[in-house]
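> Here's a structure for you.
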Amino acid sequence: MKGNVHSIETFGTVDGPGIRYVVFTQGCLLRCLYCHNADTWETGKGKIMSTDEIMADFESYLPFIEASGGGITVSGGEPLLQLDFLIDLFKKCKARGIHTTLDTSGGCYSTEESFQQKLAELLPYIDLVLLDLKHIEEKAHKRLTGRSNENILAFARYLSDHKVPAWIRHVLVPGWTDAEEDLRKLSSFIHSLQNVRKIEVLPYHKLGVYKWQNLGYKYLLEDVESPSAEAVEIAKAILEAKPEAVASAGAGESRSA
């Protein structure tokens, strides 16, 4: 089985537990204004690689990865656009006892029968999902990514219903994703899920702006600066707190991320 691969990182430390071998797939439906991998957007591009090639390369790093409690992470782009490739790769990983992580926005989740069948086939081979929830409000989500968040929230519920362990990630973009009311609503949604093991707040950065420039794209968030460490901690506290605790805190003081 072959897939379109953008690149591979052999010593990832922020894409799941332990040291990770990270496969970045090519192709994504979202157009996030802060995306640091804009060069992964276009589908049908990248390097054509077989799952056997990836496994052979991965083997040379396995001793270090296993010692750290790590494994393999497939990111993107959007991995779920290449379900057959993902299924084959994760099956081979599980046959070797390798921890598997899927890093996804859920942006291409569909209730179509063919997608549902393949997703059901994939689930037993996933140890962890890193799910990026970008904004809880649909209109704001469209402004930020170009698409609705309806199917993304549905995918989050699907993972919860099927008890697939997940880490929720939220990129904190000043003026875009840091409003306290929105964070409270997102917290309420997260706490309605039964499978969340961890919540991460990732500070917005401009490390990928040069890619936009090289691609000839206009970067609209050029005037937005990274959030302060305090703002990140406040946002994390809101998201981690149970909804009633957040409401109680809000009644006593006014906080702005």
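If you count the sequence shown from 1, you need to add 27 to reach my numbering. A virtual CB, placed ideally from N, CA and C, is assigned to each residue, including glycine.
Here's a check: name, in chain order, each residue in its chain whose Cβ is nearer than 6 angstroms to the Cβ of L247, leaving out the five neighbours to either side.
Hits under 6 angstroms: L60.
> Taking only three categories from DSSP, how would you classify P230?
P230: strand per DSSP, three-state reduction.
> One question on the structure: do L199 and L229 come within less than 8 angstroms of each other, judged by their Cβ atoms?
Yes, the pair counts as a contact, with Cβ atoms nearer than the cut-off.
> Under DSSP, the beta strand (DSSP E) around S47 begins and ends at which residues?
According to the sequence displayed, residue 47 carries Arg and not Ser. Start and end: 47-52.
> Report the start-end ranges of each alpha helix (DSSP H) in the stretch 154-188 that is 4 residues or longer and not cut off at the edges.
Taking only runs of at least 4 residues, the alpha helix (DSSP H) segments lying wholly in the stretch 154-188 are 165-172, 177-188.
> Could you have a look at N64 and say whether DSSP puts it in helix, strand or coil?
N64: coil per DSSP, three-state reduction.
> For V273, which residues in the same chain have their Cβ closer than 6 angstroms to its Cβ, ignoring the five residues on either side in sequence?
Any answer about V273 is weak, because its pLDDT of 47 lies below 50 and its placement is not dependable; what the coordinates show is given next. Cβ within range, chain order: R211, S214, I265.
> Give the DSSP-derived three-state secondary structure of M28 in the structure shown.
Three-state result, M28: coil.
> For I75, count neighbouring C-beta atoms within 10 Å of its own C-beta (all shown protein chains included) and say buried if the count is 16 or more, exposed if not.
With fewer than 16 other Cβ atoms within 10 Å, it is exposed.
> Ignore the nearest five residues each way along the sequence and tell me which others in M28's own chain have a CB closer than 7 angstroms to its CB.
Taken in chain order, the residues that qualify are S77, T78, D111, F112, D115.
> Exposed or buried, N176, counting other C-beta atoms within 10 Å across all chains shown (16 or more means buried)?
By the neighbour-count rule (16 or more Cβ atoms within 10 Å), N176 is buried.
> Report yes if the CB atom of T127 is closer than 8 angstroms to the CB atom of C135, and no otherwise.
Contact: no.
> Give me the Cα-Cα distance between N64 and R123, rounded to the nearest whole angstrom.
If I take the Cα positions, the gap works out to 30 angstroms.
> In or out: K250 buried (at least 16 other Cβ within 10 Å) or exposed?
Checking the sequence, you will find Asp at residue 250 rather than Lys. So D250 ends up on the exposed side.
> Exposed or buried, K161, counting other C-beta atoms within 10 Å across all chains shown (16 or more means buried)?
Label assigned to K161: buried.
> Have a look at the DSSP bridge pairing and note the partners of L199.
Partner(s): P230.
> Please classify T127: does DSSP put it in a helix, a strand, or coil?
Three-state DSSP puts T127 in a strand.
> Do T131 and D42 have their beta-carbon atoms positioned less than 8 angstroms apart in this structure?
Cβ distance not < 8 angstroms, so D42 and T131 don't count as in contact.
> Report all residues from its chain with a CB closer than 6 angstroms to the CB of S253; omit the five preceding and five following residues, and keep chain order.
Cβ neighbours of S253 beyond the five flanking positions: P230, Y231, H232.
> Under the DSSP definition of a beta bridge, which residues are partnered with K118?
K118 pairs with nothing; no bridge assigned.
> Count the other CB atoms, across all protein chains shown, that sit within 10 Å of the CB of H197; report buried if there are 16 or more and exposed otherwise.
Per the 10 Å Cβ criterion, buried.
> If we count Cβ pairs, one from each stretch, closer than 8 angstroms, do we get three or more for the stretch 157-174 versus the stretch 45-59?
Judged by Cβ distances under 8 angstroms, the stretch 157-174 makes contact with the stretch 45-59, as three or more pairs qualify.
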